[in-house]
Amino acid sequence: MDASSQGLKAVAHEAEEALDELKLNSISKAVETETTTRSVKKARYCSSLPDPYLFRLSMLDGKKLKEILEKMEAIVSEMRQFGFFKTSQPMTVINPLGIGHMRSAESESTVVIGRSDDLEKIVATVLGQAQSEAKAVAVLPILGEDGFGKATLTQLIYTDVRIQSHFQVKSWVRIYNKLNIAHVTKLITDLTTMGRVPVLMDAMDLIRQCLQAELTGKRYLLVLINVLNEKTDNWEQLKPVLDCGRPGSMIFVTTRSYKVASIMGTMTEYILKELNDDDLWGIFRQRAFGMGVDERPKLVEID
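Everything in the sequence shown is counted per full-length UniProt numbering, starting at 1 for the first residue and increasing by one.
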């Protein structure tokens, strides 16, 4: 069953990566929905994504989900043949990516397997940074391969009660491959102000002023997810706009690129390591089988 063991690890990584993607999409959508509800007039805010884009993204998520479901069911079928699970009902994959149960980062209650040590270390770093006399905002890169759960870990940190009470302003932004300064600045402004300041698509000076007015004198946390752009100039243009919070303000940058971590980081990057086999198995059970699976330990354990 070595092949099944490797298959489990691969699918667990793939499921985690897809879950990160879907959760982040739901976070962005939830924030935009709340923004629209609060606004008095119908306005086209800078963070609004075109409907065709959202539709295409939804289709891609559905295709990815289908592929993962098929892989999981094939592995479950093989393992059932070898007597890995003892159940009275046929085994089926139960909503591994949490579709229909996704909420915003603020309200999501997530059990993350194997990352409690990472959580505590990063929270301690964040709280310790408040004692720093450095005036510039601190940037902590969280570095790891795709599927390692960088975004999920960051979400867990973001929703931690200690973090929630520590920062006055918090914003979570998904970067789509290119670090487009205009787009990112507009998106951060809209999310940070919760849409209180309608801004024109081409009024960049006004957008910067609105963002800096919101952040100045406040301890803020900004999370930039999946930054891949390795051009120094782009970050050098965005950094001065964000360098206006009070001491202790922080920016998290999740990336798989050492170069991005080097360009953007003001602190030593936090390297997220691969989960061990027990944790990967726990993720697989949590995402694929749900509750109530009666394991046979001697059969489940694979060297």
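Backbone N, C-alpha and C fix where the C-beta goes; we use that ideal spot for every residue, glycine too.
Judged by beta-carbon spacing, T189 lies within the 8 Å limit of L211, meaning their Cβ atoms are closer than that value. From the listed residues E145, E230, L242 and M204, the smallest Cα separation to E214 is found for L242. For K170, the enclosing beta strand (DSSP E) stretches over residues V169 to R174. Under the Cβ criterion (8 Å, minimum of three pairs), the region 255–265 does not count as touching the region 115–133.
DSSP, reduced to helix, strand and coil, places V123 within a helical segment of the structure shown. Note that the C-beta distance between L143 and L272 is below 8 Å. In the DSSP assignment, V227 falls outside any beta strand (DSSP E) and carries neither an H nor an E. Taking 8 Å as the cut-off, the beta carbon of I263 is found no closer than this to the beta carbon of L224. For the pair H166 and R219, the Cα-to-Cα distance works out to about 8 Å.
Contact check for I181 and L238: beta-carbon distance about 5 Å, within the 8 Å limit, so the pair qualifies. Per the C-alpha coordinates, the member of Q209, G265, G248 and G245 positioned closest to W235 is G265. L153 is a Cβ neighbour of L119, given a cutoff of 8 Å.
Beta-bridge partners of Y220 (DSSP): V169. Residues of the same chain with a CB within less than 6 Å of the CB of M267, apart from the 5 flanking positions on each side, are A138 and L140 in chain order.
In the DSSP assignment, V260 falls within the alpha helix (DSSP H) that extends over Y258 to M264.
In this model, Q209 and L275 are separated by some 43 Å (Cα to Cα). Looking at the DSSP output, F252 shares a beta bridge with L140 and V223.
Going by C-alpha positions, I122 is about 12 Å away from K150.
Taking the C-beta atoms as reference points, I207 is found nearer than 8 Å to T185. Taking the CA atoms as reference points, P240 sits about 29 Å from V161. With fewer than 16 other CB atoms across the displayed protein chains lying within 10 angstroms of its CB, E145 is exposed.
Here V227 has I175, V253, T255 and V260 as same chain residues with Cβ atoms under 6 Å from its own Cβ, once five neighbours each way along the sequence are excluded.
Beta-bridge annotation (DSSP): I271 is paired with L143. In the DSSP assignment, Q131 falls outside any alpha helix (DSSP H), carrying neither H nor E. Shown here, A203 sits in coil according to DSSP, grouped into three states, outside any helix or strand. In this chain, the alpha helix (DSSP H) harbouring K150 covers K150 to T159. When M204, R246 and R115 are compared, the shortest CA-CA separation from H183 is found for M204.
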